[in-house]
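So for the sequence shown, our numbering puts the first residue at 2; every next one is plus one. Here a beta-carbon is modelled for each residue, glycine too, at the ideal position from N, C-alpha and C. Following: one structure in structure tokens, then a few remarks.
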Amino acid sequence: MQENIEWAEVTDSSWKAEFSREEDDLLIRFIGRCPRCEHLTSTDVPKLIPGTPALRGDIEEFTMFCACGHPHPNRPDGDNSCGAYWLFEAEL
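Shown next as structure tokens:
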């Protein structure tokens, strides 16, 4: 873990994060380690496509954000991350 990594809004195209998947009737939750700070984080994606009656089912690329909740130095008030974000592709 990188406990003392400073908060920074950054991304890196070489990050290849691996996430497990949990589902219920409404959401798909991806759970794994942030590729920057290595803390446990998760992202929820609704199963319904916003603005339509359609359900997801295709492979989609979307942006994930660290939400680790650890107190990284210089973290802005109200933020719960190290500031990292990355592209992730999964069947939704």
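Candidates the options, of which the one nearest residue i by Cα
{"i": "D13", "options": "M65, L93, Y86", "result": "Y86"}
{"i": "P74", "options": "C83, F66, D59", "result": "C83"}
{"i": "G70", "options": "F63, T64, D78", "result": "D78"}
{"i": "F66", "options": "L93, V46, E92", "result": "V46"}
Residue i, enclosing beta strand (DSSP E) - first and last residue
{"i": "E62", "result": "60-66"}
{"i": "S21", "result": "20-24"}
{"i": "E10", "result": "Segment: none, E10 is in no beta strand (DSSP E) and carries neither H nor E."}
{"i": "D45", "result": "41-47"}
Under 8 Å between C-beta atoms of residue i and residue j
{"i": "E23", "j": "R30", "result": "yes"}
{"i": "R34", "j": "L41", "result": "yes"}
{"i": "W8", "j": "R76", "result": "yes"}
Opposing strand residues paired with residue i [DSSP bridges]
{"i": "R30", "result": "E23, D45"}
{"i": "W87", "result": "M65"}
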